[in-house]
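Residue numbers (the numbering used here): 5 to 98. C-beta atoms are modelled at their ideal positions from N, C-alpha and C, and glycine is treated no differently. Okay, structure first, notes after.
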């Protein structure tokens, strides 16, 4: 599986975690907001950032479908899925 930059960075951060982690915890690290909180919904910077956030959700799905991460603790209504890198995921980073 060829990883794009977002998938690679997300996988790297998940793999570095000593415990299962919510992949979405890293979304703001990978693509921090570059607009004021008071910016209107239609602000082009906010719209572009939201699209990047949705892309990161797609990246999580692709990493899972590619066997590079696995869900260790499914979401339970109080927290999201907790994931960890698989052996294949660690190998993909080497």
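| Check | Outcome |
| --- | --- |
| Selected residue, minimal CA-CA separation from residue 5, among 27, 69, 19 and 83 | 69 |
| Buried or exposed (CB count within 10 angstroms, at least 16 for buried), residue 87 | buried |
| Given 8 Å, three or more beta-carbon pairs between the stretch 45-56 and the stretch 16-27 | no |
| Which of helix, strand or coil DSSP assigns to residue 44 | coil |
| Contacts around residue 82, its chain only, beta-carbon distance under 7 Å, and the 5 residues preceding and following it disregarded | none |
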